[in-house]
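**Q**
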Amino acid sequence: MRLKVLAVLILVAIIAAAGFYINDMVSSAKKISVKVDKIEIVSAGLEKVTVRVTFCIENPSGYHYSAEDIRYSVYYKEVELGNGTIKNIEIPAKTTTYKDGLFDLHYRKLIRIVGSAIVDLLINGKLDVDINGTMKVKTLLSSEEIKFSETRTIIKR
């Protein structure tokens, strides 16, 4: 009888420890931050420019995570200019990781919005845009979605 009680107590302790571990891992995943480090034109042609978005991912926790993806959209005056996805991201413990994504910005989208946007981009070499998105971080039993939203200036190198 004593052996059964001891076995049950050990089992309860193991389940409780696993629950605390999983809870800590999930709450730590929510502390990961995603920010836009920079956004720049990497090439320009007659119909489009290719834009690189560099994301800064900060993981202050002691856990190593992986993210399914970062999905982002870039807007000028509330009109989507382009979007992209970065897949299979490793996020080591207590590190800052940088990841690049590319998207094509077609001039015809800018012309539809406002002619001054094309002038800003081609002549002045910069354009203020909003970048919104999510990153799905895998935990043991689920995924945590981390949202981000920033205003940045596309700069022509």
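Heads up: take any position in the sequence shown, counting from 1, add 41, and you land on the numbering used here. Yeah, the Cβ is synthetic: ideal placement off N, Cα and C, and Gly gets one too. Here the structure is a predicted model, which is why all the values come from computation and not from measurement.
Buried or exposed: which applies to Ala103, given that a residue is buried once 16 or more other Cβ atoms fall within 10 Å of its Cβ?
**A** Along the sequence shown, one-based indexing puts residue 103 at 62. Correcting the residue type first, residue 103 is Gly in the shown sequence and not Ala. The residue is exposed, with fewer than 16 neighbouring Cβ atoms inside 10 Å.
**Q** Use the C-beta contact count for Ala108: other C-beta atoms within 10 angstroms, 16 or more gives buried, fewer gives exposed.
**A** Looking up residue 108 in the sequence shown gives position 67. Answer is buried; the Cβ neighbour count reaches 16.
**Q** In chain order, which continuous runs of the beta strand (DSSP E) of length 3 or greater are located wholly inside the segment 86-153?
**A** Those beta strand (DSSP E) runs which fall completely within the segment 86-153 and span 3+ residues are 89-100, 106-117, 120-132 and 136-147.
**Q** My output table needs one value for Leu182: the three-state DSSP class, helix, strand or coil.
**A** The residue you call residue 182 lines up with position 141 of the sequence shown. It is coil, neither helix nor strand.
**Q** Tell me whether Gly86 is buried or exposed, calling it buried when 16 or more other Cβ atoms sit within 10 Å of its Cβ.
**A** As a position in the sequence shown, residue 86 is number 45, starting the count at 1. Gly86 is exposed by the Cβ-count criterion.
**Q** From this set, Val170, Gly174 and Val178, which residue's C-alpha is nearest Asn100's C-alpha?
**A** For the purposes of this step, residue 100 is taken as the residue at position 59 of the sequence shown. Cα-wise, what sits closest to Asn100 is Val178.
**Q** Give the DSSP-derived three-state secondary structure of Lys71 in the structure shown.
**A** Here residue 71 corresponds to residue number 30 of the sequence shown, with the count starting at 1. Lys71: coil per DSSP, three-state reduction.
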